[in-house]
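Enquirer: Quick one: the structure is below, questions incoming.
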Amino acid sequence: MDCSILVEKLITRIRSFGSKKLSYSGRLVLVSSVLTALYNYWVNIFVIPKGVLNKVNSICRNYLWDGGPDFIRCPRVSWEKICSPKSEGGLGLRDSHVWNIAAMGKLVWWIYYNPDRLWVKWVNQIYLKGQCWDDYQPGTDISWGWKSVCRIKDKLAAGYSNGQWVLDTKGYTIQSGYELLRQKFQTVTWHKQIWNTWCIPKHQFIAWLVAREALLLKERMLSLGIAAAADCLLCGKGIENHIHLFQTCEYARKIFDELGQLLVVALPATDLVHLIASGQHSKLKKGVLLCAVLAAQYHIWIQRNQARVAGCILRPTLVISQIMKLLKMRVSSRLQPNLVSRDVMWLSSVKLHM
Ligand SMILES: [Zn+2]
């Protein structure tokens, strides 16, 4: 099989999206849909060479970061981390190479449990020749495809015990194979807050980068030798790093202090996502506050970029009015009829619901 067709199809597809103007979250949806289409066809039915799937991964990664198939700068978060579940700080994408191995794990399973399949009969006749599949070791003069199946058996060996797949009660599933093979990361404490359904996807992506401290800020740029100074572009009074820009910066403080007054809640210079999560708020209030904080982080990031590119920024009051407008829209579109009186009183007092 000529796998270069797969790469070409992907590049053509990604070029057809043709949008550097899309937000990160918009590109994430497209990458996810491309990869899903890929799983649904190619990687589920063929063993694809690692080099080809690495190329597929890099095309998707480049599109996510830069809106095109080629991207020469260092990605802000590694592909392995992006491909981890949201609970481990990733974006929940799947690595196509690992998925391909897991999908082809079906063949290993079939040899154990589906002796009547035509392909298994053929394998028995040509390769196994009566040998036990558990103990079988391939010779050197065999086809690339069969060698790959044997290699996949070795990679999945930890999931088998006495020929039984022990990681799923239903027997071998691609999902359980993928779970065994994928790289694991520590669980993070912030994923439920950032991916809260009250928040806006493009705000969530920036909040994810903030939580991972993965934005390319001037402190980091200075250490890489790509900036001459590290002073904050918004207030000029501090070193531009994640803590300064999103917590202690004078510009950010004006936004959070006034937003806190309008929402009758303290939004001090700390990790606000964590603070709101640990506060004694109702589910609705937590959702609205998280939506507000993520929106503020997003606008601070946009204004920082405006300052860098155009040398001018919006006044904090204008940013706050945009955030309050967004909150009103979110509340009116998501409000359930069976509100508890505590929520009704708070929403009325902060003028988000009449
Ligand atoms: Zn500042």
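For the sequence shown, the numbering used here begins at 7 and goes up steadily by one. A virtual CB, placed ideally from N, CA and C, is assigned to each residue, including glycine. Being a predicted model, the structure only gives us computed values, none of them experimental.
Take every Cβ of the stretch 43-59, pair it with every Cβ of the stretch 78-96, and state whether three or more of those distances are shorter than 8 Å.
Expert: No: fewer than three Cβ pairs fall under 8 Å.
Enquirer: Would you decide whether Y142 is buried or exposed? Buried here means 16 or more other CB atoms lie within 10 Å of its CB.
Expert: One-based indexing of the sequence shown puts residue 142 at position 136. Y142 should be labelled exposed.
Enquirer: Using a 10 Å radius around the Cβ and a threshold of 16 neighbouring Cβ atoms, would you call V250 buried or exposed?
Expert: Against the sequence shown, residue 250 aligns to sequence position 244. The question names Val, but residue 250 is His in the sequence shown. Per the 10 Å Cβ criterion, buried.
Enquirer: Under 8 Å Cβ to Cβ from L44, same chain only, skipping five residues before and after it: list those, please.
Expert: Against the sequence shown, residue 44 aligns to sequence position 38. Closer than 8 Å at the Cβ level, and outside the excluded window around L44, lie L12, L16, V62, S102.
Enquirer: Please find out if some non-hydrogen atom of ligand 1 comes closer than 6 Å to the beta-carbon of C318.
Expert: As a first step, residue 318 must be located in the sequence shown, where it is residue number 312. No, ligand 1 has no heavy atom inside 6 Å of this Cβ.
Enquirer: Take the Cβ of H280 as the centre, count every other Cβ of all protein chains shown within 10 Å, and call the residue buried at 16 or more, exposed below.
Expert: Within the sequence shown, the letter at position 274 stands for residue 280. Exposed: under 16 other Cβ atoms inside 10 Å.
Enquirer: To the nearest angstrom, report how far apart I308 and M351 are at their CA atoms.
Expert: Working through the sequence shown from its first residue, we reach residue 308 at position 302. Working through the sequence shown from its first residue, we reach residue 351 at position 345. Approximately 33 Å, taken between the alpha carbons.
Enquirer: Quick check: the Cα distance between S93 and E219, rounded to an integer number of angstroms?
Expert: As a position in the sequence shown, residue 93 is number 87, starting the count at 1. As a position in the sequence shown, residue 219 is number 213, starting the count at 1. Each residue's Cα considered, the two are about 17 Å apart.
Enquirer: Can at least three beta-carbon pairs, one atom from the stretch 288-308 and one from the stretch 204-219, be found at a separation below 8 Å?
Expert: A contact exists between the stretch 288-308 and the stretch 204-219.
Enquirer: Just the C-alpha distance for Y166 and Y119, rounded to the nearest angstrom, thanks.
Expert: Taking the sequence shown and counting its residues from 1, the one referred to as residue 166 is at position 160. Taking the sequence shown and counting its residues from 1, the one referred to as residue 119 is at position 113. When rounded, the distance between both Cα atoms is 13 Å.
Enquirer: With distances taken from CA atoms, which of C318, R259, L36 is nearest A275?
Expert: To locate residue 275, count along the sequence shown from 1; it is residue 269. When each option's Cα is compared against that of A275, the closest is R259.
Enquirer: Can you tell me whether DSSP reads Q312 as helix, strand or coil?
Expert: By one-based count along the sequence shown, residue 312 stands at place 306. Of the three classes helix, strand and coil, the one that applies to Q312 here is helix, per DSSP.
Enquirer: Label I232 either buried or exposed according to how many other C-beta atoms from any shown protein chain fall within 10 Å of its C-beta, with 16 as the threshold for buried.
Expert: Taking the sequence shown and counting its residues from 1, the one referred to as residue 232 is at position 226. By the 10 Å Cβ count, I232 comes out exposed.
Enquirer: Any idea if K291 is buried or exposed, counting beta-carbon neighbours within 10 angstroms, 16 or more meaning buried?
Expert: As a working note, residue 291 is residue 285 in the sequence shown. K291 should be labelled buried.
Enquirer: Could I get the ranges of all uninterrupted alpha helix (DSSP H) runs contained in the stretch 186-238, with 4 residues as the minimum, in chain order?
Expert: List check, alpha helix (DSSP H) in window: 197-200, 207-217, 224-230.
Enquirer: Given that a residue counts as buried once 16 or more other Cβ atoms are within 10 Å of its Cβ, and exposed if not, what is V35?
Expert: The residue you call residue 35 lines up with position 29 of the sequence shown. Flag for V35 reads exposed.
Enquirer: So, with DSSP's three-state summary, where would you put Y166?
Expert: Here residue 166 refers to the residue found at position 160 when the sequence shown is read from its first residue. Looking at Y166 - three-state DSSP - the assignment turns out to be strand.
Enquirer: Touching or not, the stretch 235-251 and the stretch 326-338, by the rule of three or more beta carbon pairs under 8 Å?
Expert: No contact exists between the stretch 235-251 and the stretch 326-338.
Enquirer: Answer with buried or exposed for L113, where buried requires no fewer than 16 other C-beta atoms within 10 angstroms of its C-beta.
Expert: In the sequence shown, counting from the first residue as 1, residue 113 sits at position 107. It counts as buried.
Enquirer: Check this for me: beta carbons of L162 and G242, under 7 Å apart or not?
Expert: Position 156 of the sequence shown holds residue 162. Position 236 of the sequence shown holds residue 242. No.
Enquirer: Are there any heavy atoms of ligand 1 lying less than 6 Å away from the beta-carbon of C80, as far as the coordinates show?
Expert: Taking the sequence shown and counting its residues from 1, one reaches residue 80 at position 74. Checking every heavy atom of ligand 1 against the Cβ of C80, none is found closer than 6 Å.
Enquirer: Which residue from V271, L99, Q131 puts its Cα closest to that of G285?
Expert: In the sequence shown, residue 285 corresponds to position 279, counting from 1. Selected option, being the one with the closest Cα: V271.
Enquirer: Is it the case that the Cβ atoms of W152 and I117 are separated by a distance below 7 Å?
Expert: Numbered from 1 along the sequence shown, position 146 holds the residue referred to as residue 152. Numbered from 1 along the sequence shown, position 111 holds the residue referred to as residue 117. No, they are not a contact pair.
Enquirer: Helix, strand or coil: how does DSSP classify I245 here?
Expert: Translated into positions along the sequence shown, residue 245 becomes position 239. Three-state result, I245: strand.
Enquirer: What residue does the alpha helix (DSSP H) around K92 start on, and which one ends it?
Expert: Along the sequence shown, read from residue 1 onward, the residue named residue 92 stands at position 86. Careful: K92 lies outside any alpha helix (DSSP H) and carries neither H nor E.
Enquirer: Where does L230 land, buried or exposed, given buried means 16+ other C-beta within 10 angstroms?
Expert: Counting from one through the sequence shown, the residue named residue 230 turns up at place 224. The residue is exposed, with fewer than 16 neighbouring Cβ atoms inside 10 Å.
Enquirer: What does the alpha-carbon distance come out to for the pair S29 and R310?
Expert: Locating residue 29 in the sequence shown gives position 23, counting from the first residue. Locating residue 310 in the sequence shown gives position 304, counting from the first residue. Their Cα atoms are separated by approximately 16 Å.
Enquirer: How would you write the range of the alpha helix (DSSP H) that P322 sits in, first residue to last?
Expert: As a position in the sequence shown, residue 322 is number 316, starting the count at 1. Element bounds for P322: 322-340.
Enquirer: Opposite W171 in the DSSP bridges: which residues?
Expert: Here residue 171 refers to the residue found at position 165 of the sequence shown. Answer is Y166.
Enquirer: In whole angstroms, give me the CA-to-CA distance for V356 and S182.
Expert: Mapped onto the sequence shown, residue 356 falls at position 350. Mapped onto the sequence shown, residue 182 falls at position 176. Cα to Cα, V356 sits roughly 47 Å from S182.
Enquirer: Helix, strand or coil: which one does DSSP assign to R139?
Expert: Here residue 139 refers to the residue found at position 133 of the sequence shown. Looking at the sequence itself, residue 139 is Trp, so the reference to Arg does not match. W139 falls in the coil class under three-state DSSP.
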